[in-house]
């Protein structure tokens, strides 16, 4: 069909083509079908939407992802990409071959799939799982789709933590210990999605984290390590696109977690990786059994990718460290590097660092490197190399001046500090955008408290954000205290709904 | 956050809100999250997309489905609708309760779900299935979401065929027989989606099928029956929205088929229904076992909805009738009503009509009503009531004058006439839009043919459409002839791909 093309910007990255409903019927296409548009300088394939208001008959409105297409064009029905059939196979619970997963990844990377198709892939993987072979092939395809880094050293260390634990800011400490021991450790981290702070957000309190590939290389060559935002380098473009459709349904299928994490590690050139798998109520991984299975998968698939992957399984049902929020977490990191700070954050960081050192076959004590100040010196070097102030002290860190301290209403025992509620309270206070906003824990589950003892303090930058956080905290009790009786035995109260 | 709203039309029915990426970050929202927009005259909830080009900071672009929103507004994070959590439950293979399915259907009907969410529901139903209780509740919710018809008679008959069989235009014949026997049968039918003609398309050759509810009522009160397009009345709005995302992945989960068909029957006020379930290679239902299971489900769920549902299981691996395409199928219908026409179409129509008469407890012979011309008279009445010419003859029907007859290249036996390929050839020739386009079968699988015997004739309105159909047919052989040896025993040729 001969139509006249005009350009339209509807803010989408999907190559959308808008037809008048009458022309679409004449052409025999429906919304979400594909058409090929042949014009003077080539052809492009777009996904059909119809509109009677935006497009007159005889016209076709072409969105930006298809390039600049105007004037007379020939529009014909185009077949679905093959990857649509492979997605359908996954929904039918048929194992996908390497080249089928590669076709899906390529089409995701090129934005060739509609949202319903991409969502069907993610839900298919969620409902039917991925075998180890599929996970391996998916990971390899995801690595191939992005940039990769290479290093002129035989050992490149890395770490990752499956998310969900509030605080838990071990990365800057582990990187400092490893780099101080002479190990190359180019760490890319994420920003917060649903939490109060990501490692990249916290590190941004100290220095620049938005580095290009050449800058990363320069920092690592100078200091052995770095802590930068992974999103500023194009190492895993497909992962970002998949996460976009996972988020609305809070889907995080294990096969996708494996491929997401391992593709990032492989892309950055890592050879030895430690992966922390926190499990428990409120963590991403619900049970010890599931954590062990995921750890086994990580090791096996990592090995097939040519990486030595060590996994740690940790309790993930409560926060690690006192501070929740960028500035408060930065304070905890600096305190641990100074030989002080929350005991749980210190112990976890040292243990992860020691396991990674052993995996890299480096004969060094993580505890000693931290205790004698070498880790702190290395951290200062990295901060300086990333254009931060190496002489930063706790007093320089942002801290919201509008505060409210929440105390125990009764004598008793702290029953739980819920990761999700603690994160959400900090977010209501302004985290992660307000670097000084957050929640500062004074207790941990199991601690005995007396009425009036501090449980936590909320920090916010304005009175209104503080009020927002207080309202949420009052309604949801992020830190709960039970009577000594109830601490270990809670009597179940059946609800009164009809059966 | 205070922003200034402007209107934008991006042709979507989803209530989309476009934010500048910087404002989205400040607000802590990501694409596909929700925001609430509070303005002078109320509040509205929209799904977030971000764009740096379409929206400046400080602005928010609001699409039409949210109503006319302009000027200063307060934008805050809004929670996901509860139905998102229920969709997630379905993906986790947890049985949904009635009110959970109702929440999903309500949100689909109100366009409150994003495409990834809606797609996740369909794929979840596909991957994990629906129990009979879930199917019942889904169907009830779908009925509640649309208009319903009621009739002042105790018995209202209806029929439906699970699609996939080319030709198969039994409906106008069955309706004519039942209406002639005095049974109320208000039949709503569909237009073609991927086939060469739907019942509504074929009936449109004779008369108007685009009737409103009052017009349908008038036709049925006058003649007992009608054959109209279901899409012109708002009987199943949710079904249409679900089909939109099913189509790109050719998903048709059984639970969804049941809910789709039964909700339409219930909405139209039917009490006694016959449902034809064709099975076999190329049909929607692949096996006899699957057909029996679907039939059992139809009967059980139909009964729970207060309808008597009889199912027929028929061979669905080859076309029924000679003509494929609107005008050619109309010709077959008229021929059968005149006591002539393809034997398979005649026999199937009479049998379905007889089963439906018996179900309605009407003591009448479908064969006799057809043979003595009462069905033809009734058909003419219905055509006249729907503003068509009651005296139509075969010569009045549209028939493409550009033709090519394809003949057998060898002596042998017709091995198969593939539904999909036959439909697709007819579509390339111009069906369903060109009423005279299609394919006219001269043989059926199993027929012995001599070299040079006609297999089928393609009809098209123009030489170029004829050429397009010929090219497709030459490449795909919609009707295949094998040697007598091969007719029943085909030797398998392994492909030469590596393992």
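Protein chains in written order, with the working numbering: chain E, 10 to 508; chain V, 10 to 508. From the three backbone atoms N, C-alpha and C, an ideal C-beta is built for every residue, glycine too.
Please return the same chain residues whose Cβ sits closer than 6 Å to the Cβ of residue i, not counting the five positions on each side in sequence.
i: residue 185/V; result: 384, 387, 388
i: residue 287/E; result: 174, 323, 325
i: residue 135/E; result: 260, 262
i: residue 321/E; result: 285
i: residue 147/V; result: 110, 268
i: residue 128/V; result: 254
i: residue 122/V; result: 116
What residues are listed by DSSP as bridge partners for residue i?
i: residue 16/E; result: 71/E
i: residue 168/E; result: 283/E
i: residue 196/E; result: 236/E
i: residue 490/E; result: 423/E
i: residue 27/V; result: 58/V, 70/V
i: residue 45/V; result: 54/V, 85/V
i: residue 324/E; result: 288/E
i: residue 458/V; result: 421/V
i: residue 466/E; result: 414/E, 449/E
i: residue 294/E; result: 288/E
i: residue 11/V; result: 83/V
i: residue 329/E; result: 176/E
Using C-beta distances below 7 Å, list every residue in its chain close to residue i, excluding the 5 sequence neighbours before and after it, in chain order.
i: residue 471/E; result: 411
i: residue 105/E; result: 95, 98, 99, 143
i: residue 113/E; result: 92, 95, 96, 130
i: residue 440/E; result: 205, 206, 334, 335, 446, 447
Using 8 Å as the limit for Cβ to Cβ distance, is residue i near chain E?
i: residue 427/V; result: no
i: residue 334/V; result: no
i: residue 510/V; result: Since the displayed chain V opens at 10 and closes at 508, residue 510/V lies outside it and no answer follows.
i: residue 288/V; result: no
i: residue 58/V; result: yes
i: residue 129/V; result: yes
i: residue 132/V; result: yes
i: residue 442/V; result: yes
Within the 8 Å Cβ cut-off, does residue i reach chain V?
i: residue 475/E; result: no
i: residue 93/E; result: yes
i: residue 465/E; result: no
i: residue 432/E; result: no
i: residue 469/E; result: no
i: residue 226/E; result: no
i: residue 135/E; result: yes
Kindly indicate the opening and closing residues of the alpha helix (DSSP H) around residue i.
i: residue 96/V; result: 91-100
i: residue 39/E; result: Premise fails: residue 39/E is in no alpha helix (DSSP H) and is neither H nor E.
i: residue 4/E; result: The structure shown does not extend to residue 4/E, since chain E spans only 10 to 508, so no value can be given for it.
i: residue 412/V; result: That residue, residue 412/V, is in no alpha helix (DSSP H); its beta strand (DSSP E) goes 411-416.
i: residue 408/V; result: First-last for residue 408/V: undefined, no H or E at that position.
i: residue 157/V; result: Element bounds for residue 157/V: n/a, residue is neither H nor E.
i: residue 375/E; result: 375-380
i: residue 135/V; result: 124-137
i: residue 3/E; result: Any question about residue 3/E goes unanswered here, given that chain E covers just 10 to 508.
i: residue 434/E; result: 428-437
i: residue 216/V; result: Taken as a continuous stretch (DSSP letters only), residue 216/V belongs to no alpha helix (DSSP H), as it is neither H nor E.
i: residue 339/V; result: 335-346
i: residue 109/V; result: 107-118
Residues in its own chain within less than 8 Å of residue i by CB, not counting five upstream and five downstream?
i: residue 370/V; result: 164
i: residue 138/V; result: 262, 263, 264
i: residue 418/V; result: 460, 490
Check whether the Cβ of residue i sits closer than 7 Å to any heavy atom of the ligand SAH, and report yes or no.
i: residue 347/V; result: With respect to small molecules bound, the structure shown includes none, and the ligand SAH cannot be examined in it.
Can you give me, in chain order, the residues of the segment 16-48 of chain E that have a beta carbon less than 8 Å from any beta carbon in chain V?
-> Listed by position along the chain: 18, 19, 20, 21, 27, 34, 35, 37, 39, 40, 41, 42.
Short-range partners of chain E found in the segment 96-125 of chain V, where Cβ spacing is below 7 Å | Within the segment 96-125 of chain V, the residues whose Cβ lies closer than 7 Å to some Cβ of chain E are 96, 97, 100, 123, 124, 125, listed in chain order.
Cβ-based contacts, 7 Å cut-off: residues of the segment 61-80 of chain E near chain V = Hits within the stretch, in order: 62, 63.
Scan the segment 244-266 of chain E for residues whose Cβ lies nearer than 9 Å to a Cβ of chain V and list them as they occur along the chain.
-> Cβ contacts with chain V: 253, 254, 255, 256, 257, 258, 259, 260.
Residues of the segment 148-166 of chain E whose Cβ lies closer than 7 Å to any Cβ of chain V, in chain order | So nothing in the stretch comes that close.
Residues within the segment 384-416 of chain E neighbouring chain V, beta-carbon criterion of under 9 Å | So the list is empty, because no residue satisfies the distance condition.
Residues in the segment 191-206 of chain E having any Cβ partner in chain V nearer than 8 Å | Cβ contacts with chain V: 202.
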